[in-house]
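Number of protein chains: 2
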Amino acid sequence: MTFQAEWLRKTLLATSLALVTAGLAPATFAADKRPAEFKVTDFLLDNGMEVVVIPDHRSPIVTHMVWYKVGSADEPPGKSGIAHFFEHLMFKATANHAAGEFDRAVSDIGGSNNAFTSYDYTAFHETVAPSALELMMSFEADRMRNLILTDDVIKTERDVILEERRSRIDNSPEAVLEEELDATLWQNQPYRIPVIGWMQEMEQLNRTDAVAFYNKYYQPNNAVLIVAGDVEPDTVKALAEKTYGKIARGPDLPPRVRPVEPEQNTRRTVTLSDARVSVPNFSTQWVVPSYHTAKPGEAEALDLLAEILGGGNRSRLYQALVVRQGIASNAGAYFQGTMLDDTNFTVYGTPRGDARLVDVEAAVDAEVVRIAREGVTAKELDKAKDRYVRSMVFARDKQDSMANIYGAELATGGNVQDIEQWPERIRNITPGEIKAVAARYLVLARWTTGYLLPQQQAGN
Amino acid sequence: MTFQAEWLRKTLLATSLALVTAGLAPATFAADKRPAEFKVTDFLLDNGMEVVVIPDHRSPIVTHMVWYKVGSADEPPGKSGIAHFFEHLMFKATANHAAGEFDRAVSDIGGSNNAFTSYDYTAFHETVAPSALELMMSFEADRMRNLILTDDVIKTERDVILEERRSRIDNSPEAVLEEELDATLWQNQPYRIPVIGWMQEMEQLNRTDAVAFYNKYYQPNNAVLIVAGDVEPDTVKALAEKTYGKIARGPDLPPRVRPVEPEQNTRRTVTLSDARVSVPNFSTQWVVPSYHTAKPGEAEALDLLAEILGGGNRSRLYQALVVRQGIASNAGAYFQGTMLDDTNFTVYGTPRGDARLVDVEAAVDAEVVRIAREGVTAKELDKAKDRYVRSMVFARDKQDSMANIYGAELATGGNVQDIEQWPERIRNITPGEIKAVAARYLVLARWTTGYLLPQQQAGN
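Just so you know, the protein sequences line up as chains A and B, in that order. The opening residue of the first sequence carries number 36 in our numbering; numbering runs sequentially from there. The opening residue of the second sequence carries number 36 in our numbering; numbering runs sequentially from there.
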C-alpha cells in the first residue's frame, strides 16, 4: 500500500532486465536448454485476463500478483495521482469484504502483501503458503470489480495520499528536485507528471473521477496475473478460472498511445538549493528509447552501455572518478528500459571531500564523450555481459523478483517470449552497436541536468 | 491566415491592457465622462453569441472580428496544433462557398482580412467599408458551421502548417529556444505546449480530429463578435441577427478548467547555442497570475511593475543597463496579463559590445532584487501611470487595436465592464501594492531562464 514507484523505478526496474533471465539457464543463455522445472507457462482466461505461471519449487511459498495495465501516464489531464490513489482505495471495503479484511487474512496466515504504482502499471501482490493461493485469488478478484467507492472513503484516503505526498516529496529536497527535473526532461510525454500526482490536483480528486477510472481500467482484460512459486500451472489455471474467470470481460480499451516527446534541442538545468543538503550531487539525463519503443537491438545496447559506463564498481565512471581520480564518492549510470514509452538514460556523480561538483560533472562528461567517440572494447563488452549473467544467477534466488520482471514486461507491451529471448539478444550485441547508441543518444548539447546544492552554494 | 500567435503574445497582448482605455476618456479615467460617441455596446444573440460594438466614426471603415473561445491550451492531449490548424481550414470550401471565395470577396472591395491563434482563442477578422459588413457577416457565419472537411483538405492544409512550423520555428534558433523555454517554465499548465503544435503531433492530425474539434468549438455560443468602426449598434444587431442569428445554438461547453501549475521550487535554465546567433541574450521568467486568475489589484500592480522595471526607455532596467552602465544594447520587462490562466512575467537583456552576458544578467537581477526589496517611489508610480495614459491616447487612433483589446478580454474570461473599470483600478494602485507583487513573485530562487548563445559560447 506504500508508494513505491520511485523506489521501483530507481532500483528494481533499473536492473529488472538484468534479472530477467533468472528463470532461464544462465550459463548458456539457450532457452531450449532450460530445465523443465523452470518452464514459464502463460495463457489467457476467457475474459481476456493474462496469466503467467513461474514454477519455483524450492520453498513452499507462492507469490501472487495482479498487474493492471494502468499507471500515472494513463491519467486524464488534471487528474494526476488517481492511478496511485487506487493503490490505497483497493484496500477499502468491497461488496463482500470489510476494509482491512484482506490485510488481516494475509497476516493471519503469516503472509505478506503490498501494492505499488508506476508510470505504466499498478500492481497488488501477496506472498503466502500455496494452500492460501485460492483465498488470495478470491480476495483479489473480488476487489477488481466490487470496490465500494463512497465520498467518505474518497475523502479519508485522499487525506492519506496528501499526507504521503507531503512527507515523501515536499519534505525531501531530493524528491522535489527529481520531480521538477522529470518535468523538465519530459516536455510532452506524460512521464513528466509525478506518479504520486501534483498536490493541487490530488486535492481535487473526487468520487466521480475514481468511479470512472475504476470502471475503465480495473477489468480482467486489462490485468495480468503472475503466480510464481511452489505451484503447478494446471492448479493455477483451475483456481484462476474459479475466481477471476467469473468476472465478465470489461469494455475494450483503446491502444495505449500517449503524447510523445518532441526532439530536444537545448541544454536544460534544474537547480535546488536547500539548507538540508550537506553534499551536492548532479544527474544528467537523456531521452532514449525503451525496450518497447526501440529499434531492434538498441535497448539491449543501452542496457550494456549503462553497465559499462556506470553499472557498478567495475564501470568506467566508478573506476575513473572514484578509484583513480578520487574526486567522487559515487558516480554511475543507469538505463530504465522497461517502460511503455521512451525513457531516460542517466549519469550521476557526487564529489568527495573538497572536490568541486563542477569538476565531477566535467569528469563524467569526459567519459560520456569518450565512450560516444571511441566506443567500447570487445573485452569490456564480454565482461559486461558476464556481469549480467552473475546478476541473473543471483536473481534466480528471488521469487518476487521473477514475478516483478514478468509483470513489468507484460504491463509495458512485452510478452513472455521477449523475456525468454532477451539473453540471446544481449549476447549478440556488438561493440559497434554500443558505440552507435552512445553517439546517437548521449549528446552533450542536448541533455537535462539536475543539481542538488547546499544552501550556501546557491550561486554555484 | 498566418501564424501570429507569438507575435501577438509578444507585442499586441503585452501592451493590450495598456491600450484598453483607448475607447475611454484618457485624461480623467472616468467611465461616466466618456463622450457618447465612444460608448461601447454589448449584447447576446438568442443562440448565445456575444456581440460587442465599438463606435468609431472618424473614417468610413469597419473592423469585423469573430473570436472563438478556443486556443491551443484547449486542445486534447496529443493533438497539439489543431486549434491553429483551423486558422487555415476556415479558409477552405464550405457548403455555400468555394475555397478562396471569401478572400477574393474581401480583396475585390479593397478590404483586408486575416486570422490568428493564441493559447486561449482563435480569431478571424476583416477590415472593409461599412457597406460590406453584411457580406462579411454572411461569409463568417457560413464558415462557422458549414466547413467541408474532407481528407484531401486536411492533407493539403496539414502540409501547409507543417511547412509553416519548419520555416517559423525549426529554422529559427530564437523560436526553438522559446518553445523549450515555455515547456520548461510550464510543467503542467497547457501554455507549455506551442501554439503551432509539436511536429510529431501535427503530422498525425486527421479528419476525425478536425471534425470533432470543429463541432465542439465552432459554435455561436462559443464565439464573440466584435465590430469596431463607422457603424451603429442597431445596425450591427440587425445584421448579426440576420446572419449569425440563424445558426442554432451548439451543445453547452464545460467550463474552461485546465490543469494548473504546481509551485516552482527550483531554478531552471534552457540554453541553445547556434552558429546563426551573433549576439547572445537571456530572458528570465516567473509564473504570475493573469487578470483572470489574480486577486483584486495584483494584475494591475504587475502591469505597473513591468512598466516601471522595464517598460521602455524610461524604465529602471533601460536606464541602468543601457544608459548609465552601458553594458546592454537592450533590457526590459513585460507582463502578459490578458490570459485565461496564470501567465508569465519576464525580464530580459542583451549585452552591448564587449560586455558579457553574465554581467548583463547580474545587473538585471540586481534591479529585480532592489525593486522587490525597496519597492517604487510614488513619483515613479505616477509617471508610470501617466505613460499608460499616453499609450492610450496613441492607441485610440487604432480601430483594430480596440477590437483586439475587447476580443482578447472577452475570450479570456473578462467582460466589457472589466475593460471600462480598468483605468480606475490602475489609478488606485499604491507603491505598497507594487512592492508586494514584486516581493511575492519575482523570487530569484525560483525562476526559469533561457540563454541564446553563439556556437563558440556553448560552454558559457
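Don't be surprised by glycine CBs; every beta carbon is placed ideally from N, CA and C.
{"Check": "Backbone CA spacing between I406/A and K420/A [nearest angstrom]", "Outcome": "17 Å"}
{"Check": "Contact between the segment 450 to 460 of chain B and the segment 356 to 365 of chain B (3+ Cβ pairs under 8 Å)", "Outcome": "no"}
{"Check": "8 Å Cβ cut-off: residues of chain B touching T219/A", "Outcome": "T219, Q222 and R303"}
{"Check": "At least three beta-carbon pairs within less than 8 Å, the segment 170 to 184 of chain B to the segment 129 to 139 of chain B", "Outcome": "yes"}
{"Check": "Bridge partner(s) assigned by DSSP for E161/A", "Outcome": "H99/A and N148/A"}
{"Check": "Same chain, Cβ closer than 7 Å to I282/B, neighbours up to 5 away in sequence not counted", "Outcome": "N82, A176, M179, R180 and P255"}
{"Check": "7 Å Cβ cutoff met for Q320/A and T378/A", "Outcome": "no"}
{"Check": "Straight-line Cα distance separating V399/B from G442/B", "Outcome": "34 Å"}
{"Check": "A390/A versus P315/A, A218/A, R93/A and T270/A, residue with shortest Cα-Cα distance", "Outcome": "P315/A"}
{"Check": "Local Cβ density within 10 Å of T304/B, reported as buried at 16 or more and exposed below that", "Outcome": "buried"}
{"Check": "Continuous beta strand (DSSP E) stretch holding N379/A: start and end", "Outcome": "T378 to P386"}
{"Check": "Coil, strand or helix - D81/B by DSSP", "Outcome": "coil"}
{"Check": "C-alpha gap between G232/A and E468/B, whole angstroms", "Outcome": "34 Å"}
{"Check": "Nearest-angstrom Cα separation, counted from L184/A out to L274/A", "Outcome": "28 Å"}
{"Check": "Proximal residues, the segment 110 to 121 of chain B versus chain A, C-beta separation under 7 Å", "Outcome": "P112 and G113"}
{"Check": "Residue ranges of each alpha helix (DSSP H) within the segment 325 to 371 of chain A, 4 or longer", "Outcome": "333 to 345"}
{"Check": "Cutoff 7 Å; reference I362/B; Cβ partners in own chain excluding five residues on either side", "Outcome": "L356, P386, R387, A390, D394, V395 and A398"}
{"Check": "Chain-ordered chain B contacts of M234/A [CB-CB under 9 Å]", "Outcome": "P297 and E298"}
{"Check": "For P489/A: DSSP bridge partner residues", "Outcome": "D309/A"}
{"Check": "CB contact check: L445/B to chain A, cutoff 7 Å", "Outcome": "no"}
{"Check": "Rounded C-alpha distance that separates M234/A from H119/A", "Outcome": "13 Å"}
{"Check": "Beta-carbon proximity of V266/B to V97/B, cut-off 7 Å", "Outcome": "yes"}
{"Check": "Minimum Cβ-Cβ distance from V395/A to chain B less than 7 Å", "Outcome": "no"}
{"Check": "CB contact below 7 Å: T129/B versus chain A", "Outcome": "no"}
{"Check": "Beta-carbon gap between M84/B and Y253/B smaller than 7 Å", "Outcome": "no"}
{"Check": "Contact list for L307/B against chain A, beta-carbon separation under 7 Å", "Outcome": "N300 and T301"}
{"Check": "Contact under 7 Å by Cβ, E296/B with Q224/B", "Outcome": "yes"}
{"Check": "Minimum Cβ-Cβ distance from P294/B to chain A less than 7 Å", "Outcome": "yes"}
{"Check": "Three-state secondary structure assigned by DSSP to G113/B", "Outcome": "coil"}
{"Check": "6 Å Cβ shell around I343/A - same chain, five flanking residues per side excluded", "Outcome": "V411, E415 and A419"}
{"Check": "Where P208/B falls: helix, strand or coil (DSSP)", "Outcome": "helix"}
{"Check": "C-alpha gap between N241/B and V195/B, whole angstroms", "Outcome": "14 Å"}
{"Check": "At least 3 beta-carbon pairs within less than 8 Å: the segment 86 to 94 of chain B vs the segment 212 to 228 of chain B", "Outcome": "no"}
{"Check": "Beta-carbon contacts of G264/A that lie in its chain and below 6 Å, excluding the five residues immediately before and after", "Outcome": "D91, I96, V97, T98 and Q434"}
{"Check": "V271/A, buried or exposed, once every other Cβ within 10 Å from all chains shown has been counted against 16", "Outcome": "buried"}
{"Check": "Nearest candidate by alpha-carbon position, reference E459/A, set I144/A, G332/A and L212/A", "Outcome": "G332/A"}
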